[in-house]
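Numbering (my numbering), first residue to last: 2 to 117.
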Amino acid sequence: MITLAPAIFDIYGPLSLDEDPSASDLVGQSRRVSRTATLDGGAVLADYGYTDADRTLTVMADRIAAGQWTALQRLLRDHATLTLACREGLFLGAIRQVSQSGSGIHLIFLPTEKLA
């Protein structure tokens, strides 16, 4: 289960969704690394470390009610910053994209920081 809530007051409150753990990706991580080719045929790596802000959280939910889809669209449209609570922790960030297919949804959340 995931819960999305606006960072500021919203009269409609938070939205909880039953995500599909086998299709969702809440654990992917990466480092801030870049590779530059050198004139001698080698490469130089610039490693700036790890931050939760580089993660992309992908949520898939098989079945959602019409009211949940409407609430999700409203959160995307009306709030620039949201909190997302899931089994991996509590994140502050924004919804990048949400799409509906049949009775399910695909949501991409870009965290700016991990709160807990």
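Note that beta-carbon positions come from the ideal geometry of N, C-alpha and C, so glycine has one too.
Nearest-angstrom beta carbon gap, residue j and residue i [assumed within contact, 8 Å]
i	j	result
Gly105	Arg64	6 Å
Leu5	Leu91	Incorrect: roughly 11 Å between the Cβ atoms, too far for contact.
Ile3	Ala95	At roughly 15 Å, the Cβ-Cβ gap does not stay under 8 Å, so Ile3 and Ala95 are not in contact.
Element boundaries [alpha helix (DSSP H), containing residue i]
i	result
Asp79	Ala67 to Asp79
Of the listed residues the options, nearest to residue i (C-alpha basis)
i	options	result
Ala38	Arg32, Gln30, Ala47 and Ser31	Ala47
Ser35	Val28, Lys115, Ala44 and Gly29	Ala44
Asp26	Gln69, Gly50, His107 and Lys115	His107
Ala67	Leu116, Glu89, Gln101 and Gly94	Gln101
Ser31	Leu16, Glu89, Ile3 and Asp55	Asp55
Thr113	Met2, Gly14, Thr52 and Val99	Thr52
Leu58	Asp21, Ala72 and Arg78	Asp21
Arg97	Ala24, Ser23 and Leu73	Leu73
For residue i, the residue or residues it bridges with in DSSP
i	result
Leu18	Ile3
Gly55	For clarity, residue 55 is Asp in the given sequence; the question names Gly instead. Answer by DSSP bridge pairing: none, since Asp55 is not bridged.
Val28	Val28 pairs with nothing; no bridge assigned.
Span of the beta strand (DSSP E), counted from its first residue to its last, around residue i
i	result
Thr59	Leu58 to Ala62
Val34	Arg32 to Ala38
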